[in-house]
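Student:
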Amino acid sequence: MSVTSLTIDQVTVKYQVSEVLSSISFTVPPGDYIGLVGPNGSGKTTLVRTILGLIKPSQGEITILGTRQEKFTAWQRIGYLPQKLVSFNPLFPATVREVVALGLLAGKKFPKRMYRTDEIAIDKALAMLEIRNIKNKLIGELSGGQQQRALVARAIVGEPELLLLDEPATALDPETREKFFTVLKELNEKRKVTIILITHDIGNIGKYAVKMLYLDKKVIFYGGFDNFCASPEVTDYFGEYTQHLICHRHNVEKGKS
Amino acid sequence: MSKKSAFLFFLILLLNSTLPAAEKKLTVVTTLFPLYDFARNIGQDKVAVTLLLPPGIEAHSYEPSAGDVLKVSGAEIFIYTSKLMEPWAEKFVRGVDSNKLLVVEAGEYFTAKDPHTWLDFSKALAMVNRIRDAFIAKDVANKFFYLATAKQYNKMLTDLDAEYQKTLVGCQNKVLIHGGHFAFGYLAQRYRLRYIAAYKGFSPEAEPTPRNLAELVDTIKQYKVKYIFYEELISPRVAEVLAQETGAQLLKLSAAHNLTRKELDRGVSFIEIMKANLENLKKGLLCQ
Amino acid sequence: MSMFNFLSYGFMQRAVIAGSFIAALCAVLGVFLVLRRLSLIGDGLAHVTFGSLAIGLFFNTTPLYVALPLVVLSSLGIMKLTEAQHIFGDAAIGIVSALGIAIGVLLVSVTKGFNIDLFSYLFGNILAISKTEVAMSIALSAAVIIVVALFYQDLVAVTFDEECAQAEGINTKAVNKALVILTAVTVMLAMKVVGIMLVSALLILPTVTALQIAKGFKMTILVAVIAAVVSVWIGIMLSFFLDWPSGATIVLVSFVLLVCAFSYRKIR
Ligand SMILES: [Zn+2]
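Taken in order, these protein sequences are the chains called P, L and Y. Residue numbering for the first sequence follows numbering that gives the first Met the number 0, beginning at 0 and increasing consecutively. Residue numbering for the second sequence follows numbering that gives the first Met the number 0, beginning at 0 and increasing consecutively. Residue numbering for the third sequence follows numbering that gives the first Met the number 0, beginning at 0 and increasing consecutively.
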């Protein structure tokens, strides 16, 4: 397949006068699993929101699944999980099931009705994240981890080809986090879902992702993890010591598994 | 602060300058239209009367503006009906800082139920006399003029009363159904009519109760009332609904608290309104 | 007058019918408005209506023709202000409603009076509903509820999480506009039928009641509609037997229902 999941070409985003992202370019082939890392304020969330069309770039071009972003309408092929877990109203009276069902809306034409096949898709997503037992509970009554899983189920229920996740694991306890990443890995490996995952946890990134994109207003590094450890640009940016620390930890983890 | 007082001073100057300096008129401010018309008829060219209430505005719960305070502080006489009729007026006049101002409570309130004293013409007569006395107190020079004009006006009121008496004695229907607030208690009492209003109180802002309306509907049906009266200025929703319910027709009955802007521009008088009321009463109550 | 055939009076029938439809209508819209922290929009738009009517009377035209577009514009203004991110919904409503009152008061004073009393024009009464208004209430409720049903999923998505909804390709701006325009038209017309007190109460109280007990979004709407309609029925009945004003009684019943729902949630 020659069609890329995502092509970012010379994208610059400005907030008032200052550049938040300057001249970003990279390509994501189908089936990739990319860990998007970088310090606070490096523009990770801005990049994801720009890809989704929530922010207009001042320059550059974005191509999603082979279509120019301005003309892209097939949003059901994309799943998105925003960063703020509490971007929704905690008093909101929707059940977990109703929240997950919202993820199917993008693919529907007016008037948007739910069909039998949708019910099956919802059940599948609920099962995948192991939240079938709480599907009739109000979202506001759940723990942070449960809420997060419901929102992930919402993001994947439409079986997207490209999944954008903004720090999805922060609200999860270690055990749930482990499960959560297993689910992502399954989606990536079995269903060939392309994943772009923003994370803080640079030390463990290699455990989940195949590639890594280090962002600090511009692309510092993009490529496989092994290359990260050998990259002179990374050494320039981090210093040898930090680079070694990150790579060492990665190697230890690798050896264990 | 000094800016504000300078502004007030300027306004007062402006107000005073509108009066011709040559002949000094007695300046009078009244709250409601009947008082305004009485004062106008008694004072004629010797008095400059201002009606405080802007046209079309509801009288019982009016909120005076800063301009109103200014108007009254420049005046020599302030006339209102009663504490019951214009509860806002008493409080308002206390805020007016003027030692030359004579405040006149022209009406009276014996019953707590109905403050519309001008609708009993014998009581209207007493109101005219109180206004006359106030004019004399402030302007003794024209004492005999005021006595004469008041007498003349009272003659008109007496004639009006006689006409009402004569007309309303021969009515087939003696039940006056009114879709408004309780305003015609005195009038009904004087001419021996049974009076039922949709609103028990006299504030047009209160809500009628369903029992109240049901009683009205029952009475209309029981006495085969053909006409329902509605009040001036206020949108006659309740009267319309009663009419729809019973098949009765609507007739206007004005309590003359205040006029519309059109009426005021046309120079309508209190006596004219009362005569129009009598015509409608005659039609509505089936009088010979 | 018999106490037990109070429904034999036409005005009582009209109160029950029109009242029920308007109650259901307000409850449905109320769920979305309360959850978006726009619950005071009813009161706000009432104040704007006051100002707009004054403008209409000032230019000597049929007030409704001027008021309706102005109220719709103001509701869009409230939306715009809340989208400006630094202004919360309640503050935006406050700004627009203060402006509405100020313009009304100013014009009443500048024009030196009108030919009718503005407030009596503004406020209807549930006991004084004409046949035309009954028909209008039914048509309006049907129209608004159909529109809400057609865009139900979009409305839920936007109310739940605007950012996600936008990323899913939903035209959130259009959905927001549709919601406030529906609200503006509803507030304006319903206010003239049953009065502003009832409209603003029915936009808030049934939803808050439903939020105490409902499990799920559809359930919330259903419970809110039931609470609103039941308040109207019980309120009208009670007001007849107790000889109380109907509008105020309905609001009281609605509040009692809220207290019951709240206590149920506490003891459960
Ligand atoms: Zn009155």
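Heads up, the beta-carbon is just placed ideally off N, CA and C, and yes, glycines get one too. Fair warning: this is a prediction, and the values are worked out from it, not measured in the lab.
As an exercise, report each continuous beta strand (DSSP E) stretch of at least 3 residues that is fully enclosed by the stretch 40-76 of chain L, in chain order.
Tutor: Whole beta strand (DSSP E) segments, 3+ residues: 46-50.
Student: State the beta-bridge partners of residue 78 (chain P) as determined by DSSP.
Tutor: As a working note, residue 78 (chain P) is residue 79 in the first sequence. Per DSSP, P:162.
Student: Taking Cβ positions only, does residue 259 (chain Y) come closer than 8 Å to chain P?
Tutor: Counting from 1 along the third sequence, the entry for residue 259 (chain Y) is found at position 260. Chain P, which has no Cβ nearer than 8 Å to the Cβ of residue 259 (chain Y), makes this no.
Student: Give me, in chain order, the residues of the same chain whose beta-carbon lies closer than 7 Å to that of residue 96 (chain L); leave out the 5 immediate sequence neighbours on both sides.
Tutor: Position 97 of the second sequence, counting from 1, holds the residue named residue 96 (chain L). Cβ neighbours of residue 96 (chain L) beyond the five flanking positions: 72.
Student: Let's test the definition: count the other Cβ atoms within 10 Å of the Cβ of residue 93 (chain L) and tell me whether it reaches 16, buried, or not, exposed.
Tutor: As a first step, residue 93 (chain L) must be located in the second sequence, where it is residue number 94. Flag for residue 93 (chain L) reads exposed.
Student: Between the stretch 30-62 of chain P and chain Y, which residues of the former have CB atoms less than 7 Å from a CB of the latter, in chain order?
Tutor: Listed in sequence order: 51, 53.
Student: Return helix, strand or coil for residue 264 (chain L), following the three-state DSSP convention.
Tutor: As a working note, residue 264 (chain L) is residue 265 in the second sequence. In the structure shown, residue 264 (chain L) sits in a helix (DSSP, three-state: H, G or I).
Student: Considering residue 109 (chain P), what are the terminal residues of the alpha helix (DSSP H) in which it resides?
Tutor: As a working mapping, residue 109 (chain P) is identified with position 110 in the first sequence. Counting along the chain, residue 109 (chain P) falls outside any alpha helix (DSSP H), and DSSP gives it neither H nor E.
Student: At what residues does the beta strand (DSSP E) containing residue 226 (chain L) begin and finish?
Tutor: Walking along the second sequence from the start, residue 226 (chain L) turns up at place 227. Start and end: 226-229.
Student: Determine whether the Cβ of residue 29 (chain L) lies closer than 8 Å to any Cβ atom of chain Y.
Tutor: Locating residue 29 (chain L) in the second sequence gives position 30, counting from the first residue. Not an interface residue.
Student: Give, in chain order, every residue of the stretch 143-168 of chain P whose Cβ lies closer than 7 Å to some Cβ of chain Y.
Tutor: Of all residues in the stretch 143-168 of chain P, none has a Cβ within less than 7 Å of some Cβ in chain Y.
Student: If you check the beta carbons only, do residue 208 (chain Y) and residue 92 (chain P) fall under 8 Å apart?
Tutor: Along the third sequence, read from residue 1 onward, the residue named residue 208 (chain Y) stands at position 209. Along the first sequence, read from residue 1 onward, the residue named residue 92 (chain P) stands at position 93. Against a cut-off of 8 Å, the Cβ pair of residue 92 (chain P) and residue 208 (chain Y) comes out as no contact.
Student: Mapping DSSP to helix, strand and coil, what is residue 84 (chain L)?
Tutor: As a first step, residue 84 (chain L) is located in the second sequence; it is residue number 85 there, counting from the start. Note: residue 84 (chain L) maps to coil in three-state DSSP.
Student: Expressed to the nearest angstrom, what Euclidean distance is found between the alpha-carbon atoms of residue 73 (chain Y) and residue 48 (chain Y)?
Tutor: Stepping through the third sequence from its first residue, residue 73 (chain Y) is reached at position 74. Stepping through the third sequence from its first residue, residue 48 (chain Y) is reached at position 49. Their Cα atoms are separated by approximately 9 Å.
Student: Out of curiosity, what's the CA-to-CA distance linking residue 194 (chain P) and residue 163 (chain P)?
Tutor: As a position in the first sequence, residue 194 (chain P) is number 195, starting the count at 1. As a position in the first sequence, residue 163 (chain P) is number 164, starting the count at 1. Near 6 Å, if we compare the C-alpha coordinates of residue 163 (chain P) and residue 194 (chain P).
Student: Counting along the chain, where does the beta strand (DSSP E) carrying residue 196 (chain L) start and finish?
Tutor: Stepping through the second sequence from its first residue, residue 196 (chain L) is reached at position 197. Taken as a continuous stretch (DSSP letters only), the beta strand (DSSP E) holding residue 196 (chain L) covers 193-196.
Student: Ignore the nearest five residues each way along the sequence and tell me which others in residue 215 (chain L)'s own chain have a CB closer than 7 Å to its CB.
Tutor: What you label residue 215 (chain L) is simply residue 216 of the second sequence in a count that begins at 1. Cβ neighbours of residue 215 (chain L) beyond the five flanking positions: 176, 195, 197, 241.
Student: Which of the residues in the stretch 162-176 of chain Y, read from start to end, lie with their CB under 9 Å from any CB of chain P?
Tutor: From the stretch 162-176 of chain Y, only 162, 163, 164, 165, 166, 167, 168, 169 have a Cβ closer than 9 Å to chain P.
Student: For the stretch 199-206 of chain Y against the stretch 21-32 of chain Y, do three or more pairs of beta-carbon atoms, one drawn from each stretch, fall closer than 8 Å, so that the two count as touching?
Tutor: The stretch 199-206 of chain Y, when compared against the stretch 21-32 of chain Y, does touch it at the 8 Å Cβ threshold.
Student: Could you check whether the stretch 54-69 of chain Y touches the stretch 5-25 of chain Y, counting it as contact only if at least three pairs of C-beta atoms, one from each stretch, sit closer than 8 Å?
Tutor: Counting Cβ pairs under 8 Å, fewer than three are found: no touch.
Student: Pick out the complete alpha helix (DSSP H) segments inside the stretch 218-250 of chain Y, 4 residues or longer, and give them in chain order.
Tutor: Listed in chain order, nothing qualifies, since the stretch 218-250 of chain Y has no complete alpha helix (DSSP H) run of 4 or more residues.
Student: Please list, in chain order, the residues of the stretch 54-75 of chain Y that have any C-beta partner in chain B closer than 7 Å.
Tutor: Although the question refers to chain B, the structure presented lacks it and instead comprises the protein chains P, L and Y.
Student: Hey, how far is the Cα of residue 187 (chain Y) from the Cα of residue 172 (chain P)?
Tutor: Your numbering for residue 187 (chain Y) matches position 188 in the third sequence. Your numbering for residue 172 (chain P) matches position 173 in the first sequence. Each residue's Cα considered, the two are about 51 Å apart.
Student: May I ask which residues mark the beginning and end of the beta strand (DSSP E) holding residue 211 (chain P)?
Tutor: One-based indexing of the first sequence puts residue 211 (chain P) at position 212. Note, residue 211 (chain P): beta strand (DSSP E), 210-215.
Student: Any contact of the stretch 78-92 of chain Y with the stretch 36-43 of chain Y, i.e. 3+ C-beta pairs under 8 Å?
Tutor: Contact between the stretch 78-92 of chain Y and the stretch 36-43 of chain Y is present, because at least three Cβ pairs lie under 8 Å.
Student: Could you name the residues of chain Y that residue 43 (chain L) contacts, counting a contact when the two beta carbons are closer than 7 Å?
Tutor: The residue given as residue 43 (chain L) occupies position 44 in the second sequence. The premise fails here: residue 43 (chain L) is roughly 24 Å from chain Y at the closest Cβ pair, so nothing lies under 7 Å.
Student: Could you check if residue 134 (chain Y) belongs to the surroundings of ligand 1, using beta carbon to heavy atom distance under 7 Å?
Tutor: Counting from one through the third sequence, the residue named residue 134 (chain Y) turns up at place 135. It does not: the Cβ of residue 134 (chain Y) is nowhere closer than 7 Å to a heavy atom of ligand 1.
Student: Are the stretch 143-157 of chain Y and the stretch 105-123 of chain P touching by the rule of at least three beta carbon pairs closer than 8 Å?
Tutor: Flag = yes, the stretch 143-157 of chain Y and the stretch 105-123 of chain P touch.
Student: How is residue 267 (chain Y) classed by DSSP in three states: helix, strand or coil?
Tutor: Taking the third sequence and counting its residues from 1, one reaches residue 267 (chain Y) at position 268. Of the three classes helix, strand and coil, the one that applies to residue 267 (chain Y) here is coil, per DSSP.
Student: In terms of alpha-carbon separation, which member of Y:212, Y:76, Y:103, Y:87 lies closest to residue 263 (chain Y)?
Tutor: Taking the first residue of the third sequence as 1, we reach residue 263 (chain Y) at position 264. The shortest C-alpha separation from residue 263 (chain Y) is found at Y:212.
Student: Listing by chain order, which chain L residues have their CB less than 8 Å from the CB of residue 123 (chain Y)?
Tutor: Stepping through the third sequence from its first residue, residue 123 (chain Y) is reached at position 124. Neighbours of residue 123 (chain Y) on chain L, chain order: 236.
Student: Say yes only if the C-beta of residue 58 (chain L) is nearer than 7 Å to one or more non-hydrogen atoms of ligand 1, and no if none qualify.
Tutor: Taking the first residue of the second sequence as position 1, residue 58 (chain L) is located at position 59. Under cutoff, so the answer is yes.
Student: To the nearest angstrom, how far is the alpha carbon of residue 22 (chain Y) from that of residue 252 (chain Y)?
Tutor: In the third sequence, the residue the question calls residue 22 (chain Y) occupies position 23. In the third sequence, the residue the question calls residue 252 (chain Y) occupies position 253. Roughly 13 Å between the two C-alpha positions.
Student: Measuring only between beta-carbons, confirm whether residue 193 (chain P) sits less than 8 Å from chain Y.
Tutor: Along the first sequence, read from residue 1 onward, the residue named residue 193 (chain P) stands at position 194. Closer than 8 Å: no.
Student: Any C-beta of chain L sitting closer than 8 Å to the C-beta of residue 8 (chain Y)?
Tutor: For the purposes of this step, residue 8 (chain Y) is taken as residue 9 along the third sequence, with counting starting at 1. So, interface residue.
Student: Please report how far the alpha carbon of residue 54 (chain Y) lies from the alpha carbon of residue 268 (chain L), in whole angstroms.
Tutor: For this step, residue 54 (chain Y) is matched to residue 55 along the third sequence. For this step, residue 268 (chain L) is matched to residue 269 along the second sequence. Those two C-alpha atoms are separated by around 29 Å.
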